[in-house]
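Colleague: Line by line, the protein sequences are chains X and Z. Be aware that the first sequence starts at 10, since it is given in this note's numbering, and climbs by one per residue. Be aware that the second sequence starts at 53, since it is given in this note's numbering, and climbs by one per residue.
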Amino acid sequence: MTWTAPFLDHLAEPAAWAYRSGQAPATEPAALAALALIGHARPDVARAPLDWLASLQAGDGRIGIDALQKEPNWPTLWAILAWTAHAHASSVPLAKSAYIDQIELALRWMLTQKGRPIERSRELGHDSTLVGWPWVASTHSWLEPTCLAVLALRATGRRTDARCEEAIRLLTDRLLPKGGANYGNTLVLGQELLAHFQPTGLVLLALAGLKLQDERLPKTVAWLEQNITADLPGASLAYALMGLATADKTPPAADDWLRDRAEQSERPNRFLPVRSLALLAALGPRNPLVTLPRALEYDA
Amino acid sequence: MTSHNHSPESNATPPTPPVSRRGLLIGAAVATTFAVGYPLARRALASRESVFIASGQKYDGDLVRTIRDGLIASGLDAASLRGKKVLLKPNMVEPARDRPQMTTHPAMIRAANEVFRSWGATVKVGEAPGHIRDTEFALWASRIGDALDADQIPFGDLNYEEVGFVANRGKVSKLPGLFFPKSVLEADYVVSMPKLKTHHWVGITCAMKNLYGTLPGIKYGWPKNVLHHAGIPQTVVDINASLPKTLAIVDGITCMEGDGPILGSPKEMGLVVCGTCPIAVDATCARIMGLLPELVPYLAAGRRLLGPLEEWRIEQHGDRWQTHHNPFQILAEPHLLEMQARSDILAT
Numbered sequence: 010m011t012w013t014a015p016f017l018d019h020l021a022e023p024a025a026w027a028y029r030s031g032q033a034p035a036t037e038p039a040a041l042a043a044l045a046l047i048g049h050a051r052p053d054v055a056r057a058p059l060d061w062l063a064s065l066q067a068g069d070g071r072i073g074i075d076a077l078q079k080e081p082n083w084p085t086l087w088a089i090l091a092w093t094a095h096a097h098a099s100s101v102p103l104a105k106s107a108y109i110d111q112i113e114l115a116l117r118w119m120l121t122q123k124g125r126p127i128e129r130s131r132e133l134g135h136d137s138t139l140v141g142w143p144w145v146a147s148t149h150s151w152l153e154p155t156c157l158a159v160l161a162l163r164a165t166g167r168r169t170d171a172r173c174e175e176a177i178r179l180l181t182d183r184l185l186p187k188g189g190a191n192y193g194n195t196l197v198l199g200q201e202l203l204a205h206f207q208p209t210g211l212v213l214l215a216l217a218g219l220k221l222q223d224e225r226l227p228k229t230v231a232w233l234e235q236n237i238t239a240d241l242p243g244a245s246l247a248y249a250l251m252g253l254a255t256a257d258k259t260p261p262a263a264d265d266w267l268r269d270r271a272e273q274s275e276r277p278n279r280f281l282p283v284r285s286l287a288l289l290a291a292l293g294p295r296n297p298l299v300t301l302p303r304a305l306e307y308d309a
Numbered sequence: 053m054t055s056h057n058h059s060p061e062s063n064a065t066p067p068t069p070p071v072s073r074r075g076l077l078i079g080a081a082v083a084t085t086f087a088v089g090y091p092l093a094r095r096a097l098a099s100r101e102s103v104f105i106a107s108g109q110k111y112d113g114d115l116v117r118t119i120r121d122g123l124i125a126s127g128l129d130a131a132s133l134r135g136k137k138v139l140l141k142p143n144m145v146e147p148a149r150d151r152p153q154m155t156t157h158p159a160m161i162r163a164a165n166e167v168f169r170s171w172g173a174t175v176k177v178g179e180a181p182g183h184i185r186d187t188e189f190a191l192w193a194s195r196i197g198d199a200l201d202a203d204q205i206p207f208g209d210l211n212y213e214e215v216g217f218v219a220n221r222g223k224v225s226k227l228p229g230l231f232f233p234k235s236v237l238e239a240d241y242v243v244s245m246p247k248l249k250t251h252h253w254v255g256i257t258c259a260m261k262n263l264y265g266t267l268p269g270i271k272y273g274w275p276k277n278v279l280h281h282a283g284i285p286q287t288v289v290d291i292n293a294s295l296p297k298t299l300a301i302v303d304g305i306t307c308m309e310g311d312g313p314i315l316g317s318p319k320e321m322g323l324v325v326c327g328t329c330p331i332a333v334d335a336t337c338a339r340i341m342g343l344l345p346e347l348v349p350y351l352a353a354g355r356r357l358l359g360p361l362e363e364w365r366i367e368q369h370g371d372r373w374q375t376h377h378n379p380f381q382i383l384a385e386p387h388l389l390e391m392q393a394r395s396d397i398l399a400t
């Protein structure tokens with residue numbers, strides 16, 4: 010894994026926290042950059058994106074999508090993960106971490122947010138009454154923000170909180186019967202929908218280590234194993250590999266694929282967060298998104 | 053969405069409290085009557101619009117000529133395109149390599165690019181896939197990325213661009229305005245390039261609904277649930293009313309029937325449909341598919357604001373739709389079955 014250093018070197022720069030070259034920095038890419046730096050043992054360098062995220066935090070704890078767009082606030086969940094990862098990497102108790110004030114404020118805000126439940130109907134396969142987290146306030150709970158919230162709650166020692174328990178039930182419920190996940194629907198009008206790599210990888214991260222007894226979980230790992238290909242685009246590839254890492258199923262060629270996608274991200278107009286995602290995926294089971302949720306649970 | 057606020061391009065989104073279809077149509081009509089922008093409404097009520105249908109089309113055929121002829125026949129002044137910025141908006145809602153009937157064929161995009169460039173316009177392709185966060189995956193799976201690379205067509209990732217707020221010109225939903233990405237705000241023309249498909253909630257997805265994909269997921273989520281909760285037919289109309297000038301070029305060559313817009317089966321039609329008025333294009337496509345436009349919720353909601361649905365107010369160029377009337381299979385769901393109509397009713 011010798012390819013990572015030049016990409017890590019760039020991640021401290023605000024230009025690397027944009028979705029595309031030439032755009033303004035955005036909060037989700039900044040949090041991903043911080044996580045990648047922390048994972049690769051550069052917590053001090055990670056202070057730059059972490060401090061920037063802190064500077065954007067509103068008084069009630071939430072963070073917008075960039076410095077200008079104060080809403081929606083789903084990136085707050087990414088910020089919690091990045092700040093918490095810094096504490097773990099610094100080997101200080103969470104309560105004494107550099108960002109504990111920001112973490113607590115953000116968690117407080119996060120717990121005020123609830124996806125909008127919907128009366129169950131024959132048309133939808135999922136249990137629409139379960140409450141997780143929405144992308145945008147006052148809308149339904151969807152898979153990815155709920156995954157991030159579960160990771161944040163687990164990472165901060167709240168695994169047994171009622172909200173976390175319900176969110177875990179929601180995530181399990183949103184797994185497709187044949188394995189895998191999409192943005193958060195399962196069956197519609199009786200038809201099973203298509204799985205996608207990013208949500209599938211993310212849901213495996215969120216549920217990793219929980220020892221849930223559900224046949225869809227091994228099917229979900231199997232779906233990734235069967236469908237991952239060497240030419241998958243970077244973000245999908247990275248999330249797929251992160252998911253596989255939770256089951257110790259990393260393909261032998263994974264590092265070559267990730268290096269290639271990181272290098273491709275240097276072409277014009279590419280999706281810049283691919284670099285951070287590739288760097289995280291390259292860590293395999295040492296990825297903070299894999300280790301973070303379990304750390305406090307095992308301590309407790 | 054009729055009685056439910058489901059995701060337009062997919063599959064589902066949680067419904068808000070049920071509203072009857074008839075009630076929704078009436079409500080939309082009342083809303084538009086009292087709230088339409090006057091210039092838009094004047095166009096909608098007074099004008100006739102033109103739609104061009106070309107048959108016998110193939111992806112390896114002369115699509116450049118078809119699209120050029122079709123847009124000119126529809127009344128587009130090619131000279132007015134010189135120096136203008138054109139954004140081509142294909143459908144890449146949830147691409148899969150083994151389901152090419154789901155997404156706009158790359159050959160259509162390459163041809164449209166060539167047409168607009170030949171008229172002196174600057175062309176860009178943009179899309180905000182509604183179900184996929186990884187837009188590069190959508191480009192890869194749809195093979196549209198290969199086409200853009202081959203022809204060096206710039207791409208705008210509408211899910212993640214910087215955004216600007218535009219007042220809601222439709223005012224059919226309660227949304228005060230809409231956030232559009234930079235590529236949309238900078239465009240002089242937004243060209244909707246949908247795949248002609250059935251839709252398991254609203255019957256058809258075509259030029260108007262494809263423009264849901266001009267709104268950024270970063271502001272509206274994946275799926276764009278904010279819009280669903282505000283009412284899908286209503287927000288489809290509001291988006292269409294609030295965009296820059298819109299044109300439509302429909303990929304009706306290999307279409308989708310059955311459980312569209314994601315899981316349906318391919319249906320070969322060999323058609324390309326063009327027009328300068330997307331609602332007239334969609335009404336014509338609905339008739340071809342065997343659906344009554346007046347019962348497609350978003351068409352009904354937009355008729356007083358965006359243009360005509362009535363056949364007598366849509367001037368046909370190229371082939372007549374009746375020649376290609378070929379009902380698409382739809383799911384046996386009551387809300388879809390009631391949109392179906394016999395061809396003699398369609399022509400009234």
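The beta carbon of each residue, even a glycine, is placed where N, CA and C say it ideally should be.
Where are the beta strand (DSSP E) runs, 3 residues long or more, that stay fully inside the segment 340-386 of chain Z, in chain order?
Modeller: For the segment 340-386 of chain Z, whole beta strand (DSSP E) runs of length 3 or above, ordered along the chain, are 366-370.
Colleague: Would DSSP call X/Asp18 helix, strand or coil?
Modeller: Taking the first residue of the first sequence as position 1, residue 18 of chain X is located at position 9. The answer is helix: DSSP assigns X/Asp18 an H, G or I state.
Colleague: Drop a sphere of 10 angstroms on the beta-carbon of X/Trp87, count the other beta-carbons inside from all chains shown, and report buried for 16 or more, exposed for fewer.
Modeller: As a working mapping, residue 87 of chain X is identified with position 78 in the first sequence. It counts as buried.
Colleague: In terms of alpha-carbon separation, which member of X/Ile112, X/Ala27, X/Ala94 and X/Pro34 lies closest to X/Ala55?
Modeller: Taking the first sequence and counting its residues from 1, the one referred to as residue 55 of chain X is at position 46. Answer by Cα proximity: X/Ala94.
Colleague: Could you round the C-beta distance between X/Pro84 and X/Thr148 to whole angstroms and report it? I think they count as a contact, below 8 Å.
Modeller: Reading the first sequence from its first residue, position 75 is the one you call residue 84 of chain X. Reading the first sequence from its first residue, position 139 is the one you call residue 148 of chain X. Actually they are not in contact, since the Cβ atoms of X/Pro84 and X/Thr148 sit about 16 Å apart, beyond 8 Å.
Colleague: How would you write the range of the beta strand (DSSP E) that X/Lys258 sits in, first residue to last?
Modeller: Within the first sequence, numbered from 1, the residue matching residue 258 of chain X stands at position 249. It is not in any beta strand (DSSP E) - X/Lys258 carries neither H nor E in the DSSP assignment.
Colleague: Going by C-alpha to C-alpha distance, which of X/Leu160, X/Pro15, X/Ala33 and X/Trp12 sits closest to Z/Gln215?
Modeller: On the second sequence, position 163 is the one that residue 215 of chain Z refers to. The question names Gln, yet the displayed sequence has Val at residue 215 of chain Z. Closest option to Z/Val215, Cα to Cα, is X/Ala33.
Colleague: Using a cut-off of 8 Å between C-beta atoms, extract the partners of Z/Ala148 located in chain X.
Modeller: Position 96 of the second sequence holds residue 148 of chain Z. Per Cβ cutoff of 8 Å: Leu203.
Colleague: Closest to Z/Gly108 by CA distance: which of Z/Trp373, Z/Leu351, Z/Met321 and Z/Leu389 is it?
Modeller: Counting from one through the second sequence, the residue named residue 108 of chain Z turns up at place 56. Among Z/Trp373, Z/Leu351, Z/Met321 and Z/Leu389, the Cα nearest to that of Z/Gly108 belongs to Z/Met321.
Colleague: For X/Trp232, which residues of its own chain have a beta-carbon under 6 Å away from its beta-carbon, when the five flanking residues on both sides are left out?
Modeller: Taking the first sequence and counting its residues from 1, one reaches residue 232 of chain X at position 223. Same-chain partners within the cutoff: Gly188, Gly189 and Ala204.
Colleague: Can you have a look at Z/Pro206 and say buried or exposed, based on whether 16 or more other CB atoms are within 10 angstroms of its CB?
Modeller: Position 154 of the second sequence, counted from the first residue, corresponds to residue 206 of chain Z. Exposed: under 16 other Cβ atoms inside 10 Å.
Colleague: How many Å lie between Z/Gly113 and Z/Ala130 at the Cα?
Modeller: Translated into positions along the second sequence, residue 113 of chain Z becomes position 61. Translated into positions along the second sequence, residue 130 of chain Z becomes position 78. Approximately 22 Å, taken between the alpha carbons.
Colleague: Does DSSP put Z/Ser194 in a helix, a strand or coil?
Modeller: As a working note, residue 194 of chain Z is residue 142 in the second sequence. Three-state DSSP puts Z/Ser194 in a helix.
Colleague: Tell whether a beta-carbon distance below 8 Å holds between Z/Asp186 and X/Gln207.
Modeller: The count along the second sequence starts at 1 and reaches residue 186 of chain Z at position 134. The count along the first sequence starts at 1 and reaches residue 207 of chain X at position 198. Yes.
Colleague: Taking only runs that begin and end inside the segment 34-82 of chain X, name each unbroken beta strand (DSSP E) of 3 or more residues, in chain order.
Modeller: As far as the segment 34-82 of chain X is concerned, it has no whole beta strand (DSSP E) run of at least 3 residues.
Colleague: Is the Cβ of Z/Ile382 closer than 8 Å to any Cβ of chain X?
Modeller: Indexing the second sequence from 1 puts residue 382 of chain Z at position 330. Not one chain X Cβ lies under 8 Å of Z/Ile382.
Colleague: Quick one: using the 10 Å Cβ neighbour count with 16 as the cut-off for buried, is Z/Gly255 buried or exposed?
Modeller: As a working note, residue 255 of chain Z is residue 203 in the second sequence. Burial call: buried.
Colleague: With a cut-off of 8 Å on the beta carbons, I'd call Z/Thr250 and Z/Gly182 a contact; round off their distance for me.
Modeller: Position 198 of the second sequence, counted from the first residue, corresponds to residue 250 of chain Z. Position 130 of the second sequence, counted from the first residue, corresponds to residue 182 of chain Z. With a Cβ gap of about 17 Å, Z/Thr250 and Z/Gly182 do not count as contacting.
Colleague: Roughly how many angstroms separate the alpha carbons of Z/Ile270 and Z/Gln374, rounded to a whole number?
Modeller: For the purposes of this step, residue 270 of chain Z is identified with residue 218 of the second sequence, where counting begins at 1. For the purposes of this step, residue 374 of chain Z is identified with residue 322 of the second sequence, where counting begins at 1. Taking the straight line joining both Cα atoms gives about 42 Å.
Colleague: With 16 other CB atoms within 10 Å as the buried threshold, where does Z/Pro246 fall?
Modeller: Translated into the one-based positions of the second sequence, residue 246 of chain Z becomes position 194. It counts as buried.
Colleague: Mind listing which residues of the segment 211-240 of chain X have their C-beta closer than 9 Å to chain Z's C-betas, in chain order?
Modeller: Here the close residues are Asp240.
Colleague: Could you check what DSSP says for Z/Met391 in three-state terms: helix, strand or coil?
Modeller: In the second sequence, counting from the first residue as 1, residue 391 of chain Z sits at position 339. In the structure shown, Z/Met391 sits in coil (DSSP, three-state: anything other than H, G, I, E or B).
Colleague: Z/Glu14: buried (16+ other C-beta within 10 angstroms of its C-beta) or exposed?
Modeller: An answer regarding residue 14 of chain Z cannot be provided, because it is not within the stretch 53 to 400 covered by chain Z.
Colleague: Measuring straight from C-alpha to C-alpha, what distance separates Z/Gly283 and X/Trp142?
Modeller: Walking along the second sequence from the start, residue 283 of chain Z turns up at place 231. Walking along the first sequence from the start, residue 142 of chain X turns up at place 133. Each residue's Cα considered, the two are about 21 Å apart.
Colleague: Looking at the strands, I want to know which residues DSSP matches up with Z/Asp150.
Modeller: Position 98 of the second sequence, counting from 1, holds the residue named residue 150 of chain Z. Bridge partners of Z/Asp150: none, in fact.
Colleague: Let me check one thing: in DSSP terms, what residues is X/Arg29 bridge-paired to?
Modeller: Residue mapping note: residue 29 of chain X aligns to position 20 of the first sequence, counting from 1. DSSP, once it has assigned bridges, lists X/Phe280 as partnering X/Arg29.
Colleague: Taking 8 Å as the CB-CB cut-off, is Z/Ile314 touching chain X?
Modeller: Position 262 of the second sequence, counted from the first residue, corresponds to residue 314 of chain Z. Interface residue, yes.
Colleague: For chain X, is any of its Cβ atoms less than 8 Å away from the one on Z/Pro275?
Modeller: Numbered from its first residue, the second sequence carries residue 275 of chain Z at position 223. Chain X, which has a Cβ nearer than 8 Å to the Cβ of Z/Pro275, makes this yes.
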